[in-house]
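Here the sequence shown is numbered in numbering that gives the first Met the number 0, starting from 0 and rising by one per residue.
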Amino acid sequence: MIQQLGLKKCVDDFGADLIYLKLNGADPEGENRSPEDCARIVKDILAAVGVPLIVEGCDDAQKNNEIMTVIAEAAAGENLFDRYCRAG
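If you want it as structure tokens, here you go:
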């Protein structure tokens, strides 16, 4: 909830047109948050800020495949840009 309040302040007080979110907490070497938890965080932020959201996964390609699929399904129809796209 604290994160959403800070991001809302960026929009309301500083005029942010969009928000960038990197899901470091999903990294298996760190907090290893579940795809469902990451999707909930994204949905909560989208609901709180009302501006487009750029979402980037963690630094683990396999985990990104898991979390971004769930996030895309949970946030279908929202102003969401999935920044997980790597060649090679």
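Heads up, the beta-carbon is just placed ideally off N, CA and C, and yes, glycines get one too.
Note down, in chain order, each residue of its chain lying with its Cβ closer than 6 angstroms to the Cβ of residue i, except the 5 sequence neighbours on either side.
i, result
"G24", "E30, R32"
"N78", "P51"
Looking only at its chain, what residues have a beta carbon closer than 7 angstroms to the beta carbon of residue i, apart from the 5 residues adjacent to it on each side?
i, result
"L6", "I18, I44, A47, V48"
"P27", "D59, K62"
"I66", "L22, A25, P34, C37, G56"
Can you name, in chain order, every residue of its own chain whose Cβ lies under 8 angstroms from the Cβ of residue i, other than the five neighbours on each side?
i, result
"L4", "A47"
"V69", "P34, E35, C37, A38"
Are residue i and residue j closer than 8 angstroms when you measure CB to CB?
i, j, result
"D81", "A71", "yes"
"E55", "K8", "no"
"V50", "D16", "yes"
What is the DSSP secondary structure of residue i, reduced to helix, strand or coil?
i, result
"D12", "helix"
"D58", "coil"
"L45", "helix"
"L79", "strand"
"L4", "helix"
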